[in-house]
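Heads up: the structure comes next, in structure tokens.
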Amino acid sequence: MGSLTGLALLVVLAGVLFYVLFLVVRAAVKEGIQQALRTDLLDQRVLLNDAAPPASDPT
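Numbering (the numbering used here), first residue to last: 1170 to 1228.
If you want it as structure tokens, here you go:
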């Protein structure tokens, strides 16, 4: 009976470990996506500003 209790405890601890790992990976992916979106928006803004003619250009 003791080995069954030990096995159950091992399964529970492994489940908790994988759940914590899942939360960490999910948070990292979410942060990475948000950072990529921010960078992409900044790049688009820079490209748009570069494409626009200067305000003082008489043409």
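Just so it is clear, CB atoms sit at the ideal spot from N, CA and C, and this is done for glycine as well.
What does the alpha-carbon distance come out to for the pair residue i and residue j?
| i | j | result |
| --- | --- | --- |
| Arg1183 | Ile1202 | The sequence shown places Ala at residue 1183, rather than the Arg named in the question. If I take the Cα positions, the gap works out to 28 Å. |
| Ala1177 | Val1198 | 31 Å |
| Leu1186 | Leu1210 | 36 Å |
| Thr1174 | Val1180 | 10 Å |
| Thr1208 | Val1194 | 21 Å |
| Leu1190 | Gln1204 | 21 Å |
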